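Undergrad: Residue numbers for the sequence shown follow the working numbering, so the first one is 1433 and each next one is one higher.
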Amino acid sequence: MKKAKKPVPPWPMLGFAVNIARLGVAIYFAIVHPLGPFDDPS
């Protein structure tokens, strides 16, 4: 068990980035979109 310092695959960081992006989209649709629906000029 001396190889404890093996290279970590970037998949956890990728999932973290996806979660951050998903959170940003959720915040956008929760706050920015109701205040100003840009796709609805009415």
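Note that the Cβ used here is the ideal one computed from N, Cα and C, for glycine as well.
Only a predicted model underlies this, so the values are computations on that prediction, with no experimental measurement involved.
#1: Consult DSSP for Ala1449 and reduce its assignment to one of helix, strand or coil.
#2: Three-state secondary structure (DSSP) at Val1440?
#3: From the DSSP output, in three-state form, read off Phe1461 for me.
TA: Checking against the coordinates, here is how it stands:
#1: Position 17 of the sequence shown holds residue 1449. Correct three-state label for Ala1449: helix.
#2: In the sequence shown, residue 1440 corresponds to position 8, counting from 1. Three-state result, Val1440: coil.
#3: Counting from 1 along the sequence shown, the entry for residue 1461 is found at position 29. The answer is helix: DSSP assigns Phe1461 an H, G or I state.
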